[in-house]
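**Q** One structure, as structure tokens, below. Some questions next.
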Amino acid sequence: MSATNGRLIKGATGDWEMVIGLEVHAQVTSNSKLFSGASTEFGGDPNTHVSLVDAAMPGMLPVINEFCVEQAVRTGLGLNAQINLRSVFDRKNYFYPDSPQGYQISQYKSPIVGEGEVIVDLPDGDSITVGIERLHLEQDAGKSLHDQHSTMSFVDLNRSGVALMEIVSKPDMRSAEQARAYVTKLRSILRYLGTCDGDMEKGNLRADVNVSVRKPGHALGTRCEIKNVNSIRFIGQAIEYEARRQVGILEDGGAIDQETRLFDANKGETRSMRSKEEAHDYRYFPDPDLLPLEFSETYVAELRAQLPELPDQKKARFIADFGLSPYDASVLVAERESADFYETVLAKLADKVRDGKLAANWVINELFGRVNKEGRDISASPVSAAQLGAIVDLIGEGTISGKIAKDLFEIVWTEGGDPRALVEARGLKQVTDLGAIEKVVDNIIAANPDKVAQARAKPQLIGWFVGQVMKSSGGKANPQSVNDLLKAKLGI
Amino acid sequence: MTDLTSLTLAEAREGLANKSFTSLELTDAHLGAIEAARVLNAFVLETPDQARAMARAIDAKIAKGEGGPLAGIPLGIKDLFATKDVRTTACSKILGNFVPPYESTVTSQLWRDGAVMLGKLNNDEFAMGSSNETSCFGPVVNPWRREGSNTTLVPGGSSGGSASAVAAQLCMGATATDTGGSIRQPAAFTATVGVKPTYGRCSRWGTVAFASSLDQAGPIARTVRDAAILMRSMAGHDPKDTTSVNCEVPDYEAAIGKSVKGMKIGIPKEYRLDGMPPEIEKLWSEGAAWLKASGAELVEVSLPHTKYALPAYYIVAPAEASSNLARYDGVRYGLRVPGRSIGEMYENTRAEGFGDEVRRRVMIGTYVLSAGYYDAYYLRAQKVRTLIKKDFEDCFAKGVSAILTPATPSAAFGIGEKGADPVEMYLNDIFTVTVNMAGLPGIAVPAGRDAQGLPLGLQLIGRPFDEETLFSLGEIVEQAAGRFTPPRWW
Chain F
1412 MSATNGRLIK GATGDWEMVI GLEVHAQVTS NSKLFSGAST EFGGDPNTHV
1462 SLVDAAMPGM LPVINEFCVE QAVRTGLGLN AQINLRSVFD RKNYFYPDSP
1512 QGYQISQYKS PIVGEGEVIV DLPDGDSITV GIERLHLEQD AGKSLHDQHS
1562 TMSFVDLNRS GVALMEIVSK PDMRSAEQAR AYVTKLRSIL RYLGTCDGDM
1612 EKGNLRADVN VSVRKPGHAL GTRCEIKNVN SIRFIGQAIE YEARRQVGIL
1662 EDGGAIDQET RLFDANKGET RSMRSKEEAH DYRYFPDPDL LPLEFSETYV
1712 AELRAQLPEL PDQKKARFIA DFGLSPYDAS VLVAERESAD FYETVLAKLA
1762 DKVRDGKLAA NWVINELFGR VNKEGRDISA SPVSAAQLGA IVDLIGEGTI
1812 SGKIAKDLFE IVWTEGGDPR ALVEARGLKQ VTDLGAIEKV VDNIIAANPD
1862 KVAQARAKPQ LIGWFVGQVM KSSGGKANPQ SVNDLLKAKL GI
Chain C
2 MTDLTSLTLA EAREGLANKS FTSLELTDAH LGAIEAARVL NAFVLETPDQ
52 ARAMARAIDA KIAKGEGGPL AGIPLGIKDL FATKDVRTTA CSKILGNFVP
102 PYESTVTSQL WRDGAVMLGK LNNDEFAMGS SNETSCFGPV VNPWRREGSN
152 TTLVPGGSSG GSASAVAAQL CMGATATDTG GSIRQPAAFT ATVGVKPTYG
202 RCSRWGTVAF ASSLDQAGPI ARTVRDAAIL MRSMAGHDPK DTTSVNCEVP
252 DYEAAIGKSV KGMKIGIPKE YRLDGMPPEI EKLWSEGAAW LKASGAELVE
302 VSLPHTKYAL PAYYIVAPAE ASSNLARYDG VRYGLRVPGR SIGEMYENTR
352 AEGFGDEVRR RVMIGTYVLS AGYYDAYYLR AQKVRTLIKK DFEDCFAKGV
402 SAILTPATPS AAFGIGEKGA DPVEMYLNDI FTVTVNMAGL PGIAVPAGRD
452 AQGLPLGLQL IGRPFDEETL FSLGEIVEQA AGRFTPPRWW
């Protein structure tokens, strides 16, 4: 199944459809590099995490890091993909100062992971399936620094040899929005698996974006590849710009040159980097320093059995078990931390089934809202999952009203404390004693004979009375009881 | 001190154990011999201070009865092996004065076992050559000369420095490497014994790479026994080289003198080349006769894809080399020739740093891996390689234990004699490349002399990881042919 419900571009000659495929480079979460024991830690002083192998000293040989292999297999399983029990490392030959070997060790003809698929939820509630073509392991390059000296460039090899997974999608996306949603989902899966931290600011997740346009139903157009786009927002901008650029050329009677382009985030445009003619001949061949990578079905089965619950499964469970809307469930599972927070709240509830949905509302609207507003991370929320669970319990069991709960949330946020104890100490309990409420109701009616007359003629005015009673009770009166009493007393 | 340098390694081992002499005396004798033989250009770096320090240290250990299997034995090290804090160049200008901060696995095992390093030995640049004429330090001279002639001859290559130094008694043994014949051909040219072990038997870690799927380290020594002693220390699994094989290293020396009665020895008919010199033919038959006299059974075998081996080798080896040598780019170590751009710096550095033969092979290798040519050259060569391997497997499956062939198509030739046509030079490897292509062990043993008095060698090819049989058979040839020592003229 491939996506079809993309957005079309209106051109002078009719509608155009964009066709998008992505190659996502995800840095494997591991302590050491793909073929050396050097650390992968980010932010060290230049050239402090470089082994003899990373610096390509004469006679050095790569030795595969088995943990990185495991991470790639786990990722493949998370993408519902074919795991290849035999794969081969190839050399991709090219000269660049940040590529010390003069070649990158990658996988060309026989990748470790084959075809798979990702279900992508779109903001409008629709979902599409994006096919995965392959996933392969490869070495990252070092970093060239061109701004340190007036005539020389510097090279930092800390990143050189760090393991990357290149995840290649099929050209199944039809809009920038779909592409953004795909990367968001892919990132979420990787983070759930713990195989890539998805930190795009550090460059730990970046994408090469392939874009072409065509008239709907026609054959694929010539594509351009936009290299190394490093944020989800930029991916969207680059696609929008590039598709329109291509439509403009085609409508002017021109042809698209297959080329590699760069996205300029400042100008919001793509520009040519090299044409097909200038494309490198990488002279791929199997790396004779490494044996083919082989493992057993049992090894894969063991890794499969240890996989955590992934976003799609979690979402389905939230909907089925707690009656959440698909939208709320998607919001909660998008980040593992959010889902974990929600699950911790659930664990604290006296009645999960009754209050699961209520808890979701509180997590999404109150907690996420407040956390986002203050620019905090959920892990740094002053209201813990246990505290929020207690607040939801208090609402669920009818001890406090939703309105009081918001006040209580504010108190817990700013001052901390046990919600149940706070309710006791500050007298926030909802008044359900009918006698007490009745007394207040009687007082209000007695003090406002003119309003009583008006309300009898125009029953909607009951709202004014409810407000007065609530105000007078400090918000603690049970609103339903107030309403019932007023109706009876006013005879409406 | 001449006496000490003429001892075999096994004899010296005994003398050291008996305390007839010390390692320092033995080392000094060799350092003197090296100094007197500089005209051979076998050593590109002499390390006398280090040698004496190592010798003194091992003497102290021997005194306490702690020496290892090679305690006190002075060796030469091919300049392809990285030696910690000692300049290592692969005899290429591009490495300049590169001093590695690490020791190759093979040499570290030799030092572990008590050997002493005399210095670094000359070789063809990046081991690319069959005459040791491509070294940036100039050609090595063979201690052997034609009878009644002063013409300087090549020692073969690429391990020419190793072969020449061992033959001239400048060291008791030497490390060498073999990618297409680089141990066996120079051994044959200098009347020394050279062993190319099974691919994976010795670690490649810390040895400058030429063609990774073919390169294998091995010893050159003056006797089969000496080679066996060295092999045991050089071999072994290394987790740092994933192509090294985790299987036990046997006591190779124990294989010497073992009966070969009833053993089937294959004589491959495809190795009988048109126009092969009669003295090579004669040598081959003699070798066969000696083995037969020892009780082995000779059988004619067929290795039908032999004729494709050399062309296929000269695709696979340069292809891997073109990639392996990409790291010599002037960025991190070795030579850098500046340019106005990074591209120009690469071009200037590599043009000045690499010699003609290396440049030729880098270009051939780049070509055969290029899009549009890969299938026709590299892929086809790999298929040929599979067929060559299968030829040998079929042969061994019929009960053949080893295969006897000449080591080279001729004796040593003159320096500068074969420079003009690279293909003529490549033909030197015609009997040896098949062994590398199939990953098998091979040994070259001196077996006779040609009409001009130059040494000739025979090659024995064994089953994978059965070097022991080669030592058993090699010693029979050695016993029958006798040992050959070049008259000292230098």
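Residue numbers (this note's numbering), protein chains in the order written: chain F, 1412 to 1903; chain C, 2 to 491.
In this text, a Cβ means the ideal position worked out from N, Cα and C, and glycines have one as well.
It should be emphasised that the depicted structure is a prediction, and the values quoted were computed from it without experimental measurement.
#1: Where do the N-terminal and C-terminal ends of the beta strand (DSSP E) with C/Val446 fall, by residue?
#2: Could you give the distance in angstroms between the alpha-carbon of F/Ala1467 and the alpha-carbon of F/Tyr1514?
#3: How many angstroms separate the CA atom of F/Pro1534 from the CA atom of F/Val1524?
#4: May I ask you to list the residues that DSSP assigns as paired with F/Met1429?
#5: Using three-state DSSP, classify F/Val1782 as helix, strand or coil.
#6: Give the secondary structure of F/Met1471 by DSSP, where H, G and I count as helix, E and B as strand, and everything else as coil.
#7: State yes or no: is the C-beta of F/Ser1450 within less than 9 Å of the C-beta of F/Asp1509?
#8: Tell me, which residues are paired with F/Gly1536 by DSSP?
#9: Leaving out five residues on either side along the sequence, give the residues of the same chain with a beta carbon under 6 Å from the beta carbon of F/Thr1415.
#10: Just confirm the distance between the C-beta atoms of C/Val167 and C/Ala218, as a whole number of angstroms; I'd bet it's less than 8 Å.
#11: Buried or exposed: F/Val1764, going by 16 or more other Cβ atoms within 10 Å of its Cβ?
#12: Does the beta-carbon of F/Lys1814 have 16 or more other beta-carbons within 10 angstroms, so that it is buried, or is it exposed?
#13: On the premise that F/Lys1613 lies in contact with F/Phe1453, defined as a C-beta separation below 8 Å, what is that separation, rounded to the nearest angstrom?
#14: Closer than 7 Å, Cβ to any Cβ of chain F: which residues of the segment 241-271 of chain C, in chain order?
#15: Taking any Cβ of chain F, which residues in the segment 205-229 of chain C have a Cβ under 8 Å from it, in chain order?
#16: Which two residues bound the contiguous beta strand (DSSP E) that contains F/Met1684?
#17: Express the C-alpha separation of F/Leu1548 and C/Leu122 in angstroms, rounding to a whole number.
#18: If you measure between the beta carbons of F/Ala1797 and F/Lys1759, is that distance less than 9 Å?
#19: Name the chain C residues whose beta carbon is nearer than 8 Å to that of F/Ile1475?
#20: Look at the Cβ atom of F/Ala1541, then the Cβ atom of F/Lys1581, and state whether they are nearer than 9 Å.
#21: Could you tell me the distance, in whole angstroms, from the CA atom of F/Met1412 to the CA atom of F/Val1529?
#22: Measuring CA to CA, which of C/Leu388, C/Ser21, C/Ser234 is closest to C/Thr435?
#23: With 9 Å as the threshold, decide whether the Cβ of C/Glu345 is near any Cβ in chain F.
#24: Name, please, each residue of chain C whose Cβ falls closer than 7 Å to the Cβ of F/Gln1512.
#25: Please go through the same chain and pick out, in chain order, the residues whose beta-carbon is closer than 7 Å to the beta-carbon of F/Leu1568, but skip the five residues on each side of it.
#26: For F/Pro1522, return the contacting residues in chain C, with the cut-off set at a CB-CB distance below 9 Å.
#27: So which residues of chain F does C/Tyr379 contact, with C-beta pairs closer than 7 Å?
#28: Report the residue from C/Ala116, C/Gly77, C/Tyr379, C/Phe190 whose alpha carbon sits nearest the alpha carbon of C/Ser131.
#29: Within 8 Å, do at least three Cβ pairs link the segment 95-104 of chain C to the segment 32-41 of chain C?
#30: Cβ of C/Ala320 less than 9 Å from any chain F Cβ?
#31: Just checking: is the beta-carbon of F/Phe1506 within a distance shorter than 9 Å of some beta-carbon in chain C?
#32: Any beta carbon from chain F within less than 9 Å of C/Thr152's own beta carbon?
#33: Once DSSP output is grouped into helix, strand and coil, what is the label at F/Tyr1505?
#34: Can you give me the C-alpha to C-alpha distance between C/Val45 and C/Arg205, rounded to a whole angstrom?
#35: Taking DSSP as the reference, what is the three-state secondary structure of F/His1436?
#36: For chain C, check one thing: does any of its Cβ atoms lie closer than 9 Å to the Cβ of F/Asp1567?
**A** Per the coordinate set shown:
#1: 443-450
#2: 10 Å
#3: 29 Å
#4: F/Val1624
#5: helix
#6: coil
#7: no
#8: Looking at the DSSP assignment, F/Gly1536 forms no beta bridge with any residue, so it has no partner.
#9: A caution first: F/Thr1415 carries a pLDDT of 49, below 50, which makes its placement in the model too unreliable to give a value.
#10: No, C/Val167 and C/Ala218 are not in contact; Cβ-Cβ is about 15 Å, not under 8 Å.
#11: exposed
#12: exposed
#13: 6 Å
#14: Lys241, Asp242, Thr243, Thr244
#15: Arg205, Trp206, Gly207, Thr208, Val209, Ala210, Ala212, Ser213, Ser214
#16: 1680-1686
#17: 40 Å
#18: yes
#19: Thr243
#20: Here residue 1541 of chain F turns out to be Val, not Ala, going by the sequence shown. Contact flag set, yes.
#21: Caution applies to F/Met1412, whose pLDDT of 36 falls short of 50 and renders its modelled position unreliable; the value that the coordinates give is listed next. Roughly 11 Å separates the two Cα atoms.
#22: C/Leu388
#23: no
#24: Ala327, Arg328
#25: Asn1458, Val1461, Asp1465, Ala1466, Pro1511, Gly1553
#26: The premise fails here: F/Pro1522 is roughly 18 Å from chain C at the closest Cβ pair, so nothing lies under 9 Å.
#27: Phe1696
#28: C/Phe190
#29: no
#30: yes
#31: yes
#32: no
#33: coil
#34: 22 Å
#35: strand
#36: no
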